[in-house]
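Using my numbering, the first residue of the sequence shown is number 141, and each one after it goes up by one. From the three backbone atoms N, C-alpha and C, an ideal C-beta is built for every residue, glycine too. Everything numeric in this text was worked out from a predicted model, so none of it was measured. Below is one structure, written out as structure tokens, with a few remarks after it.
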Amino acid sequence: MNKDEILMKSRQEYQKEDEREIYITTQGFMYGAVGMAIVFFILVFIKLFLKEQRIDDILAMYAAFLFAHYVYKYRMDKVHKNIYPMLCWGICVILNLIVFIWKG
Numbered sequence: 141m142n143k144d145e146i147l148m149k150s151r152q153e154y155q156k157e158d159e160r161e162i163y164i165t166t167q168g169f170m171y172g173a174v175g176m177a178i179v180f181f182i183l184v185f186i187k188l189f190l191k192e193q194r195i196d197d198i199l200a201m202y203a204a205f206l207f208a209h210y211v212y213k214y215r216m217d218k219v220h221k222n223i224y225p226m227l228c229w230g231i232c233v234i235l236n237l238i239v240f241i242w243k244g
């Protein structure tokens with residue numbers, strides 16, 4: 141084996157590991173997002189129906205997560221279909237923070 145063949149095999153091995161790491165990280169974030177959504181809905185249920193409190197604070201956090209998700213998707217893919225949900229969730233974050241601060 142010459143030097144070029146060794147380098148090619150080495151790159152192929154690292155590429156497989158990189159794809160595996162990317163897959164694991166992506167799946168980890170996916171499970172984290174699902175877990176956060178479940179906790180979000182539990183907190184909404186508790187605050188609205190059991191304690192009768194407002195939900196502006198946790199709604200702003202959840203909307204901020206979705207806003208950041210669509211900002212990243214748009215920056216990476218440049219697909220225009222991500223602009224609308226990005227703007228909607230961004231407005232939702234701003235409005236919820238305003239209501240949270242204003243109503244105290």
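CA-CA distance, Arg194 and Met176?
Indexing the sequence shown from 1 puts residue 194 at position 54. Indexing the sequence shown from 1 puts residue 176 at position 36. Approximately 19 Å between the Cα atoms of the pair.
Quick one: give me the first and last residue of the alpha helix (DSSP H) that Asn213 is part of.
Within the sequence shown, residue 213 is the residue found at index 73, counting from 1. A quick correction: the sequence has Lys, not Asn, at residue 213. Its alpha helix (DSSP H) spans residues 196-217.
By how many angstroms is the C-alpha of Ile198 removed from the C-alpha of Gln184?
Position 44 of the sequence shown, counted from the first residue, corresponds to residue 184. Position 58 of the sequence shown, counted from the first residue, corresponds to residue 198. The question names Gln, yet the displayed sequence has Val at residue 184. Taking the straight line joining both Cα atoms gives about 8 Å.
Count the other CB atoms, across all protein chains shown, that sit within 10 Å of the CB of Met148; report buried if there are 16 or more and exposed otherwise.
Translated into positions along the sequence shown, residue 148 becomes position 8. Burial call: exposed.
Using a threshold of 8 Å, state whether the C-beta atoms of Trp242 and Phe207 are closer than that.
Here the question's residue 242 lines up with position 102 in the sequence shown. Here the question's residue 207 lines up with position 67 in the sequence shown. No, the pair does not count as a contact, with Cβ atoms beyond the cut-off.
With distances taken from CA atoms, which of Gly168, Phe180, Pro225, Glu145 is nearest His209?
As a first step, residue 209 must be located in the sequence shown, where it is residue number 69. If we check each option's Cα against that of His209, Pro225 comes out closest.
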